[in-house]
Amino acid sequence: MNAVPAKANGPDGATRSAIGRWLGTALACTLLLAAAFRLYLLAEPLYGALLLALAAGVAIVFGRERFVAARFVFPAVAAVLLFIAFPVAYTIWLGFTNYGSFNLLSKQRATEVLLSTQSIDQGSTRDFSLVPDGDGYRVFFAGDAGQSPLLSDAHPLDGSAASLDSAEVDAAPEEPLARREAIRLRDGLQAISIATPDGGTLRYASLRAFAVTTPEFTRDDQGRLVSADGTRILVADDDRGFYVQQDGTRVAPGWRVPIGLDNFERIFTSAGIREPLFGIFVWTLVFAALSTGLTFALGVTLATLLQWPHLTFKRTYRILLILPYAVPSFISILVFRGLFNQNFGEINLIIEALFGGRPDWFTDPALARTMVLIVNVWLGYPYMMLLAMGFLQSVPGEHTEAATLDGAGPLTRFLRITLPQILPPFVPLLIATFAFNFNNIVLILLLTGGGPDIPGTRIPAGSTDILGSFTYRLAFQDSGQQFGLAGAITLLIFLAVGTLAWLNLVALRRRTEVGA
Amino acid sequence: MIVEDPRALRRRKWLAHAFLIVFIAVLMFPFLMIVSISLRTGNFSTGALIPSDPTLEHWYLAFGLEYTRTDGTVVPPRFPVLVWMWNSIKVGTIAACGVLVLSTVAAYAFSRLRFGGRLVLLDSLLLIQMFPTTLALVAIYAIFDSLGNVSPALGIDSHWALVLVYLSALTLHVWTIKGYFDNLDPALDEAAIIDGATPWQRFRYVLLPLAVPILAVVFVLAFIGFVNDYPIASILIRSEDKMTLAVGSRLYLNEFQYLWGDFAAAAILSGLPITVVFLIAQRYLVSGLADGGVKG
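Chains as they are written, first to last, in the numbering used here: chain V, 21 to 536; chain H, 36 to 331.
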């Protein structure tokens, strides 16, 4: 107890620590409030409100004396709420919106994008080339059919907006940039406009040319967007999150709006989605159940062998047997991806030498699923083995000895006596493993990427896809950021995992009550 | 021990050894193969376990060095493996330290202080632990996409964003450390209470020094978990030089580019340190496993 400095117990120490805590609390709150205000200004009121709530929590918990114990728990709970609870809830909320590649923006931004679209006056296009000048570039327009060559002022083309003047010149510049270089600078070119001596204004119109452009739409007093020639009138449809033309066609980009149960309706009514989704759901259950069952069986078998008193070299066997657990899983999975390769994978070389023929592990659905299971059992059994070895130690030896005297063989002894004793403490861990495999998207994404694709579906769905990897692909891969649909499926996964979590809690309670 | 028929016993021993040896031989196959592949010439070659014309080309490339072949062609390294490794170590270490601080402090309160809602909070942590972060990927992407407008350091492609998300992976560790604190003799901090120590002083000067072993275990477990993470890192990190190992390694093997040999060398280089750390720590890790942790 000599580690407790006596001085800190006196009133001086207490006052000093209180002042320190007040200063710290005030500083943290100020920072959080400043960030919240920034977010509010950037039209992110939700995140701003979240930080505001965090600041209030910090102020209450650290500012008032009665919450001494809560101070210790607050940071951890805040981290869990901010980065697990809120994102899960928010993802599910997105399932009730149309958030996706066509509806990424806010309404304000979508309107700005439409208002900034320019229509090109076709008769006015002029080919251009770029001429380096110090740190910047000049735009050169060659002369043709009654128009004299023009050269603009220099500009760094770094994306800053500018209106440049231009002047007539006699000869073409000697060393214009290659077209490829000019294309690379297109973002900078889009930001500038060039005034010609005759009073016109040229803007970047295509990879080769500048032209006189006019805004495609203007906003009228009713908030409608009217095209320059008056033929197209766009009306905002806040139910669908799009501007809609007179004939009902939608004009991209749209914005994010709640659309109620539409995503769920799509999931349950569109055959192109429902059928693959159902298949994926069944496979997810089968995959999780088989993975858990097979790793458990193998793990317990090996653990029983290693506990056998007559076995020698136990330590060596043990170290070698847990090796698959020690290697980072992303590396093992990628190694298997290579080893299973159809043409030059080593596994197929051996199979060909022994049996002839090279199975297509990645294109045949049944083989792909077998491969996924083989790899997952390889990855997962050491965990079960380590657990089983722990539980087996608490099984009293007298029971098995008595059974041996009664003439029971090793298998009967194991099934009748050992297994019933280690199973109860195993149950919550088996449920946890099942839940883990239910969402084992690292394995699927790295090994098969979900493939081979199921033919004839509306959305990319693969034979080895589990719900989690399917959602991941829907949101972040080739199918075009369907965040809304992904959120809706996340709710389904959430319900499944929630049931498992509840089961696990019940099983854990039972374990504590039994006292095993 | 009961006397069994010695001949049956000997037969069973042989069977057990034979089974284990065959099983371990199958188990070792991928490891031996990957070593052999990393020494073979080219990225598509097949052949015996012992390469016929071994080369260090893949190893040079894995270390980020140029390799000059015998015919004079110079092969530049294709991927910055060492940079990825550094990124993984950096993000993993910072996040694991953060998780350690948050969960130790919380575990202390759960174990030693009595406050309203303590049991409910503990159960909620256990429940939340079951929900994988993969459920929240869409929102995590949307949140950091927006936060990037406030400061690029918190946006997509920032390691700090990754660390922030990883900080939430502490639920299980709170339980592990709490279990350890529960087993420490309460007489220790009761003595400190009599001396007039505040809750913080009891934590800092009494329990913390005693908890070093479990803190080491939790640090290793958390670090390995973060280094192994693929889903979160893959949506938050886009540019090649910011990638972690788990995200970058995937670039080696795809339909358009199949660098099997280069991957083998890089995989051994990056996997070996973590494997060795795990094997050294495994004796201590195993005790924590029974509390319900599944390595990611």
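All residues carry an ideal CB built from backbone N, CA and C; glycine is no exception.
So what's residue 123 of chain H in DSSP terms, helix, strand or just coil?
Reading the second sequence from its first residue, position 88 is the one you call residue 123 of chain H. The answer is helix: DSSP assigns residue 123 of chain H an H, G or I state.
Residues of chain H with CB under 7 angstroms from residue 60 of chain V, in chain order?
Position 40 of the first sequence, counting from 1, holds the residue named residue 60 of chain V. Going along chain H, no residue has its Cβ under 7 angstroms from residue 60 of chain V, so there is no contact; the nearest lies around 11 angstroms.
Can the beta-carbon of residue 246 of chain H be found less than 7 angstroms from the beta-carbon of residue 92 of chain V?
Start at 1 with the first residue of the second sequence, and residue 246 of chain H comes out as number 211. Start at 1 with the first residue of the first sequence, and residue 92 of chain V comes out as number 72. Against a cut-off of 7 angstroms, the Cβ pair of residue 92 of chain V and residue 246 of chain H comes out as no contact.
Measuring only the C-alpha atoms, how far is residue 338 of chain V from residue 101 of chain H?
Within the first sequence, numbered from 1, the residue matching residue 338 of chain V stands at position 318. Within the second sequence, numbered from 1, the residue matching residue 101 of chain H stands at position 66. In a straight line, the C-alpha of residue 338 of chain V is about 40 angstroms away from that of residue 101 of chain H.
For a contact meaning CB atoms closer than 7 angstroms, what does residue 310 of chain H contact in chain V?
Taking the first residue of the second sequence as position 1, residue 310 of chain H is located at position 275. Ordered by position in chain V, the residues that pass the 7 angstroms Cβ test against residue 310 of chain H are 346, 347.
Determine, for residue 426 of chain V, whether the minimum Cβ-Cβ distance to residues of chain H falls below 7 angstroms.
Position 406 of the first sequence, counted from the start, is the residue given in the question as residue 426 of chain V. So no, residue 426 of chain V is outside the interface.
Looking at the C-beta of residue 315 of chain H, does it have a partner C-beta in chain V at a distance below 7 angstroms?
Residue numbering aside, residue 315 of chain H sits at position 280 when the second sequence is read from its first letter. Chain V contact via Cβ: absent.
Whole angstroms is fine: what's the gap from residue 454 of chain V's alpha carbon to residue 272 of chain V's?
The residue given as residue 454 of chain V occupies position 434 in the first sequence. The residue given as residue 272 of chain V occupies position 252 in the first sequence. Looking at the two C-alpha atoms, the distance is approximately 43 angstroms.
Going along the chain, which residues of its own chain have a beta-carbon closer than 8 angstroms to the beta-carbon of residue 450 of chain V, five neighbours each way excluded?
Residue numbering aside, residue 450 of chain V sits at position 430 when the first sequence is read from its first letter. So the list reads 312, 316, once near-sequence residues are dropped.
Give the DSSP bridge partners of residue 188 of chain V, in chain order.
Position 168 of the first sequence holds residue 188 of chain V. DSSP, once it has assigned bridges, lists V:170 as partnering residue 188 of chain V.
Output the distance between the C-alpha atoms of residue 117 of chain H and residue 187 of chain H, rounded to the nearest integer angstrom.
By 1-based counting over the second sequence, the position of residue 117 of chain H is 82. By 1-based counting over the second sequence, the position of residue 187 of chain H is 152. Looking at the two C-alpha atoms, the distance is approximately 24 angstroms.
Does residue 36 of chain V get closer than 7 angstroms to chain H when you measure Cβ to Cβ?
As a working mapping, residue 36 of chain V is identified with position 16 in the first sequence. Among the CB atoms of chain H, none fall inside 7 angstroms of the CB of residue 36 of chain V.
Residue 296 of chain H beta carbon less than 7 angstroms from that of residue 75 of chain H
To locate residue 75 of chain H, count along the second sequence from 1; it is residue 40. To locate residue 296 of chain H, count along the second sequence from 1; it is residue 261. For residue 75 of chain H and residue 296 of chain H, yes; Cβs fall inside 7 angstroms.
How many angstroms separate the CA atom of residue 315 of chain H from the CA atom of residue 459 of chain V?
Counting from 1 along the second sequence, the entry for residue 315 of chain H is found at position 280. Counting from 1 along the first sequence, the entry for residue 459 of chain V is found at position 439. Cα to Cα, residue 315 of chain H sits roughly 29 angstroms from residue 459 of chain V.
Those residues which DSSP pairs with residue 289 of chain H across a bridge
As a position in the second sequence, residue 289 of chain H is number 254, starting the count at 1. In DSSP, residue 289 of chain H forms a bridge with H:292.
Identify each residue in the stretch 191-207 of chain V for which the Cβ-Cβ distance to at least one residue of chain H is less than 8 angstroms, and report them in chain order.
none
Using a Cβ-Cβ cut-off of 7 angstroms (strictly less than) and excluding sequence neighbours within five positions of residue 117 of chain V, which residues of its own chain qualify?
Locating residue 117 of chain V in the first sequence gives position 97, where the first residue counts as 1. Only 276, 277, 278, 279, 504 meet the Cβ criterion.
Residues from the stretch 54-85 of chain V in contact with chain H, defined by Cβ distance under 8 angstroms
Hits within the stretch, in order: 55, 58, 59, 62, 64, 67.
How big is the Cα-Cα spacing for residue 218 of chain V and residue 63 of chain V?
One-based indexing of the first sequence puts residue 218 of chain V at position 198. One-based indexing of the first sequence puts residue 63 of chain V at position 43. Answer to the nearest angstrom: the Cα atoms are 42 angstroms apart.
Counting only the same chain and skipping the five closest in sequence on each side, list residues whose C-beta sits under 8 angstroms from that of residue 300 of chain V.
Position 280 of the first sequence, counted from the start, is the residue given in the question as residue 300 of chain V. Around residue 300 of chain V: 481, 485, 486, 487, 490.
Could you tell me whether the stretch 240-254 of chain H touches the stretch 132-152 of chain H, using the rule of 3 or more Cβ pairs below 8 angstroms?
yes
Proximity below 7 angstroms, CB of residue 112 of chain V to CB of residue 420 of chain V:
The count along the first sequence starts at 1 and reaches residue 112 of chain V at position 92. The count along the first sequence starts at 1 and reaches residue 420 of chain V at position 400. Taking C-beta atoms as the reference points, residue 112 of chain V and residue 420 of chain V fail to come closer than 7 angstroms.
Could you name the residues that DSSP lists as bridge partners for residue 157 of chain V?
Translated into positions along the first sequence, residue 157 of chain V becomes position 137. Its beta-bridge partners are V:152, V:175.
Looking at the structure shown, is residue 214 of chain V part of a helix, part of a strand, or coil, going by DSSP?
Here residue 214 of chain V corresponds to residue number 194 of the first sequence, with the count starting at 1. Here residue 214 of chain V sits in strand by DSSP.
Anyone know if the C-beta pair for residue 282 of chain H and residue 268 of chain H falls short of 7 angstroms?
Counting from 1 along the second sequence, the entry for residue 282 of chain H is found at position 247. Counting from 1 along the second sequence, the entry for residue 268 of chain H is found at position 233. Yes, the Cβ-Cβ distance between residue 282 of chain H and residue 268 of chain H is below 7 angstroms.
Quick one: list the residues of chain H neighbouring residue 300 of chain V, beta-carbon separation under 9 angstroms, in chain order.
Counting from 1 along the first sequence, the entry for residue 300 of chain V is found at position 280. Neighbours of residue 300 of chain V on chain H: none; closest Cβ ~15 angstroms, over 9 angstroms.
Express the C-alpha separation of residue 275 of chain H and residue 397 of chain V in angstroms, rounding to a whole number.
Taking the first residue of the first sequence as 1, we reach residue 397 of chain V at position 377. Taking the first residue of the second sequence as 1, we reach residue 275 of chain H at position 240. Rounded to the nearest angstrom, the two C-alpha atoms are 32 angstroms apart.
Should the stretch 414-433 of chain V be regarded as contacting the stretch 385-392 of chain V, the criterion being three or more beta carbon pairs within less than 8 angstroms?
no
What are the residues of the stretch 474-508 of chain V that lie near chain H, defined by any Cβ-Cβ distance shorter than 7 angstroms?
Taking 7 angstroms as the Cβ-Cβ cut-off, the stretch 474-508 of chain V approaches chain H at 488, 492, 495, 496, 503, 506, 507, given in chain order.
Mind pulling the chain H residues with CB within less than 9 angstroms of residue 317 of chain V?
Sequence index remark: in the first sequence, residue 317 of chain V carries index 297 (1-based). Residues of chain H passing the Cβ test: none, with the nearest at roughly 13 angstroms.
Which bits of chain V does residue 138 of chain H rub up against, with CB to CB less than 9 angstroms?
Reading the second sequence from its first residue, position 103 is the one you call residue 138 of chain H. In chain order: 96.
So, helix, strand or coil for residue 138 of chain V, using DSSP?
If you number the first sequence from 1, residue 138 of chain V lands on position 118. Strand.
Which of the three DSSP states, helix, strand or coil, is assigned to residue 27 of chain V?
Counted from its first residue, the first sequence places residue 27 of chain V at position 7. Because the pLDDT at residue 27 of chain V is just 42, under 50, the model does not fix this residue reliably, and the point stays unresolved.
Identified DSSP bridge partners for residue 183 of chain V
The residue given as residue 183 of chain V occupies position 163 in the first sequence. Residue 183 of chain V is bridged to V:213.
Name, please, each residue of chain H whose Cβ falls closer than 8 angstroms to the Cβ of residue 372 of chain V.
For the purposes of this step, residue 372 of chain V is taken as residue 352 along the first sequence, with counting starting at 1. None at all; the shortest Cβ gap to chain H is about 10 angstroms.
Are residue 448 of chain V and residue 411 of chain V close, meaning C-beta to C-beta below 7 angstroms?
In the first sequence, counting from the first residue as 1, residue 448 of chain V sits at position 428. In the first sequence, counting from the first residue as 1, residue 411 of chain V sits at position 391. No, these two residues do not count as a Cβ contact at 7 angstroms.
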